[in-house]
Amino acid sequence: MIALYPGSFDPITFGHLDLIERASRLYARVIVAVATDSWKQPLFGVDKRQDQIALATRHLPNVETASFMGLTVRFARQRQAEVLIRGLRAVSDFELELQMAQTNRTLGADLETVFLVTAAEYSFLSSSVVREVARLGGPVSHLVPAHVERDLTEYFSGAKR
Ligand code: ADP
Numbered sequence: 057m058i059a060l061y062p063g064s065f066d067p068i069t070f071g072h073l074d075l076i077e078r079a080s081r082l083y084a085r086v087i088v089a090v091a092t093d094s095w096k097q098p099l100f101g102v103d104k105r106q107d108q109i110a111l112a113t114r115h116l117p118n119v120e121t122a123s124f125m126g127l128t129v130r131f132a133r134q135r136q137a138e139v140l141i142r143g144l145r146a147v148s149d150f151e152l153e154l155q156m157a158q159t160n161r162t163l164g165a166d167l168e169t170v171f172l173v174t175a176a177e178y179s180f181l182s183s184s185v186v187r188e189v190a191r192l193g194g195p196v197s198h199l200v201p202a203h204v205e206r207d208l209t210e211y212f213s214g215a216k217r
């Protein structure tokens with residue numbers, strides 16, 4: 057079975073990576089896909105985010121990266137994915153995730169959303185927390201892979217100039 061894990065991944069964190077590793081044990085193939093037409097103004101470009109994911113998952117042979125525009129269900133169908141992976145960190149994630157999953161069901165009933173519960177040590181972790189700590193010059197090595205930390209340092213040291 058092919059699973060699609062869509063998100064902004066701006067940037068990928070150890071929380072995302074934990075989910076990807078676990079999904080890769082459950083499904084034959086996992087496609088980690090950067091959604092490109094979010095209303096959010098991203099810090100990193102799509103190609104950069106995809107590279108960051110590819111490097112972080114290179115130890116997982118059944119994981120691949122992609123990017124897509126438009127409806128997630130449409131992209132899932134294109135890639136023959138039958139499962140949509142999403143993460144639940146806290147009750148606060150639940151409402152929006154439930155709404156999205158139910159909406160997606162009305163758009164493509166053949167696609168099942170499967171929620172994986174975040175590892176407790178990453179339940180506080182989000183890309184926006186990482187961006188904020190990095191922007192303020194704090195350490196993020198316990199939150200993101202080393203290459204992502206380097207990209208953040210470079211971005212914010214450049215932005216300050
Ligand atoms: P989106 O903009 O679609 O929410 P994100 O990149 O922030 O994209 O998150 C993608 C998915 O990963 C979401 O389902 C989110 O709940 C999950 N996720 C985000 N952070 C974590 C984390 N720390 N642990 C587990 N899952 C997470």
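Heads up: the sequence shown at position 147 corresponds to 203 in the working numbering, and the numbers run straight through without jumps. Backbone N, C-alpha and C fix where the C-beta goes; we use that ideal spot for every residue, glycine too. Quantities reported herein were computed from a predicted structural model and do not represent experimental measurements.
Helix, strand or coil at residue i according to DSSP, with G and I counted as helix
{"i": "Phe-70", "result": "helix"}
{"i": "Leu-167", "result": "coil"}
{"i": "Gly-126", "result": "coil"}
{"i": "Arg-187", "result": "helix"}
{"i": "Thr-121", "result": "strand"}
{"i": "Ala-249", "result": "Coverage of the chain is limited to positions 57 through 217, which leaves residue 249 absent and any answer about it impossible."}
{"i": "Arg-145", "result": "coil"}
{"i": "Val-139", "result": "strand"}
{"i": "Val-102", "result": "helix"}
{"i": "Ala-132", "result": "helix"}
{"i": "Ala-91", "result": "strand"}
Buried versus exposed call for residue i [16 or more other C-beta atoms within 10 Å across all chains shown]
{"i": "Ala-59", "result": "buried"}
{"i": "Leu-192", "result": "exposed"}
{"i": "Pro-201", "result": "buried"}
{"i": "Gln-106", "result": "buried"}
8 Å contact criterion, which residue i and residue j should meet: CB distance rounded
{"i": "Pro-67", "j": "Val-204", "result": "5 Å"}
{"i": "Leu-73", "j": "Tyr-211", "result": "Between Tyr-211 and Leu-73 the Cβ distance is about 20 Å, and since that is not below 8 Å, they are no contact."}
{"i": "Ala-137", "j": "Ile-87", "result": "6 Å"}
{"i": "Pro-62", "j": "Ala-79", "result": "Their Cβ separation, rounded to whole angstroms, is 12 Å, which puts Pro-62 and Ala-79 out of contact at 8 Å."}
* contact_flag[the stretch 107-122, the stretch 149-160] where n(CB pairs < 8 Å) is 3 or more -> no
* To do: Pair every Cβ in the stretch 135-155 with every Cβ in the stretch 106-116, then say whether three or more of these pairs are closer than 8 Å.
  => no
* Hey, is the stretch 170-179 in contact with the stretch 71-85, meaning 3+ C-beta pairs nearer than 8 Å? -> Taking 8 Å as the limit for Cβ pairs, the verdict is that the stretch 71-85 does touch the stretch 170-179.
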